Every structure is written in structure tokens, then in C-alpha cells.
Ligand code: RIB
Ligand code: CA
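In my numbering, the protein residues as written are 8 to 315.
Here it is, written out as C-alpha cells:
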């Protein structure tokens with residue numbers, strides 16, 4: 008199994024928390040950087056420090072951008088609660104973040120290792136700022152595996168939250184020329200925290216399992232309450248990690264993807280070119296289109312079971 012070196016850039020967030028768990032279990036997690044998104048930067052950073060303790064990790068946590076490049080900050084309390092991780096009794100973190108310069112941490116880490124994957128699972132502000140701060144980053148990064156976008160939206164009919172929250176940053180990332188792997192809503196909505204799957208976590212021993220079972224129940228509760236019909240919350244973010252560490256569980260296609268930054272109805276949309284015209288823009292992205300959901304869920308369960 009590949010054990011890619013990654014920096015996880017996240018906005019925990021219930022599904023970001025699961026991404027941290029599977030990253031700890033299936034990758035060489037060099038560090039966690041945080042961004043405002045599902046909740047304020049203060050909350051997402053606090054939550055990352057809580058998860059670090061629950062996992063017994065010594066990875067560094069570095070806080071990043073509190074707000075998008077241009078857009079006003081927007082959060083997702085209706086999905087994740089005001090704290091960003093509502094629904095569980097969380098322990099106070101033993102220590103706070105190791106720094107407040109996520110961009111500097113990202114750049115320094117990539118220059119030091121030369122084969123790091125950046126795995127953003129929130130708005131792409133930190134990634135865009137790192138690309139702007141260090142044009143040589145392209146020479147040092149293995150690629151970017153992101154959760155975001157899709158051929159349909161969730162925050163608007165056309166735009167997925169991570170892209171919608173900072174379209175200018177997302178456009179910089181998709182136009183960067185770096186190797187991109189995009190796990191968008193088309194695939195994440197096939198990876199649901201159904202009651203049966205949540206029961207497999209409830210059955211596990213250990214404090215982390217108990218906390219995650221509560222978080223899954225809260226997360227699925229808000230999704231089920233807010234949709235006509237859905238069997239559980241799409242567990243979006245761990246797929247951006249597993250696409251690198253368990254590639255055999257996924258199907259990908261090469262596509263050109265661009266980000267709309269001006270449309271009145273489409274700002275934040277990832278425009279996926281599905282045409283079969285010979286004369287079309289060259290693909291810039293591996294679009295993840297399918298996952299073996301049962302096998303991926305088993306990796307999540309194994310990761311939780313392997314943690315303290
Ligand atoms: O649209 C889903 C994405 O937005 C996920 O990353 C979720 O955590 C939120 O950040
Ligand atoms: Ca997220």
C-alpha cells in the first residue's frame with residue numbers, strides 16, 4: 008500500500024475529522040493546517056487540536072487563513088453546528104496550534120521533502136496563498152488531492168461549499184498546472200454514513216470510536232433533516248486522502264476543470280468539460296468518479312479501531 012507524504016489542510020468539520028483519522032492511519036501525515044470554512048478559523052484550529060489529541064498524534068497543527076482571498080467569510084453551522092464539531096463531548100486539547108503561519112509551514116515542508124501531496128478538504132485559501140508565496144512550489148509538490156467541486160452543487164445549485172467559499176483561490180489551484188485529483192460531490196455522495204455503517208463504529212471500543220460515533224450521528228442527522236431523502240451524511244473529506252493511499256478503491260477520468268468566479272448564478276461552480284470533442288482543452292485534473300464505498304468504509308473503521 009502506498010503511504011504518501013501529505014499535509015492535510017482542513018476545516019474540521021465532521022468529515023474533516025474523519026479525514027484526519029484516515030490520514031493518520033494510511034499516510035505519512037507531516038502536518039495539519041487549518042482554514043476558516045465550516046466554522047471560524049478559531050473553531051477549526053481548536054477542533055484539529057482536539058483530534059490530534061484523540062489520535063495521540065505528534066503532527067504539528069498550523070493555523071492559516073481566517074477568510075477567503077476576496078469573498079466574505081461564510082460558514083456552515085447548519086451542517087456542522089456553531090463549533091464546527093457539534094454533537095460529541097470533546098476533550099479540551101492538551102495544547103494549541105504550533106503556529107499561525109500555515110502557508111509558511113506548507114512551503115517549508117514541501118521544499119524539505121520534494122514529494123509531498125497537499126490534501127485540502129476545506130476552502131482552498133491556504134493552498135492558493137502558498138502557490139502565490141512560493142512560485143517554486145510546483146517544483147516541490149507531488150500534487151494536490153482535494154475534496155471539492157462536482158457537476159452539481161450543495162451550497163448553491165451549481166457550487167460546492169469548498170469552492171464556493173473561495174472561488175478565487177480555487178481558480179488559482181485549478182489553473183496552477185500542478186497534478187490535481189478532485190474528489191467532488193459526484194463521488195462523495197456515494198459514500199454515506201448510513202445507520203448500518205455508523206453502527207460499525209459504535210461497536211468499536213475506545214474513546215475515539217465513541218466520539219466519532221456521536222459525530223457521525225450528529226452529521227447524518229443534519230443531512231437527513233435538511234434533505235428530501237438521503238440515507239446518511241456524505242462523508243466527503245476522507246476520500247481526498249484515500250484517493251492517494253488506497254487508489255485501488257477508486258475510478259478516475261481525466262477532465263479539464265475550471266472554476267467560475269463571476270457568474271451571478273454560477274460563482275464557485277467547477278465547470279467540468281465532459282465533451283468528447285477532439286478539439287477540447289487538455290485535461291488538468293483526475294476527476295474521481297467512483298469509489299468502492301464498502302471497502303472505503305472498512306478502511307475508516309480499521310483506522311478508528313487502530314487508534315487509541
Ligand atoms: O461540500 C462539502 C465540503 O464542505 C466538505 O469538505 C465539508 O467538510 C465542507 O468543508
Ligand atoms: Ca471540509
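The beta-carbon is built from N, C-alpha and C at its ideal position, and this holds for glycine as well.
Computed from a prediction, not measured in an experiment: that's the story for all the values here.
Under the three-state reduction of DSSP, residue 295 is assigned to strand.
Linking residue 303 to residue 295 through their CA atoms gives a straight-line distance of about 14 Å. Assignment of residue 191 by DSSP, reduced to helix, strand and coil, places it in the coil class. Shown here, residue 237 sits in coil according to DSSP, grouped into three states, outside any helix or strand. The shortest CA-to-CA distance from residue 151 to any of 74, 285, 131 is the one to 131. Within the stretch 13-69, the runs of beta strand (DSSP E) at least 3 residues long that lie entirely inside it are, in chain order, 35-41. Nearest in C-alpha terms to residue 8, of all of 315, 213, 291, 252, is 252.
Three or more Cβ pairs drawn from the stretch 191-202 and the stretch 156-175 lie within less than 8 Å of each other, which places the two stretches in contact. Taking non-hydrogen atoms of ligand 2 into account, the C-beta of residue 20 is found less than 7 Å away from one of them.
The nearest non-hydrogen atom of ligand 2 is 7 Å or more from the C-beta of residue 161. The closest CA to that of residue 179, considering only 212, 186, 218, 139, is found on 139. Residue 110 and residue 86 have their C-alpha atoms roughly 27 Å apart.
Counting along the chain, residue 159 sits inside no alpha helix (DSSP H), nor does DSSP assign it H or E at all.
Closest by C-alpha distance to residue 301, out of 242, 82, 46, 28, is 242.
About 14 Å separates the beta carbon of residue 249 from that of residue 311, a gap too long to meet the 8 Å contact definition. Cβ atoms of residue 156 and residue 264 come within 8 Å of each other, at about 7 Å. In the structure shown, the three-state DSSP call for residue 147 is coil.
For residue 206, the uninterrupted alpha helix (DSSP H) run begins and ends at 202-209, by DSSP.
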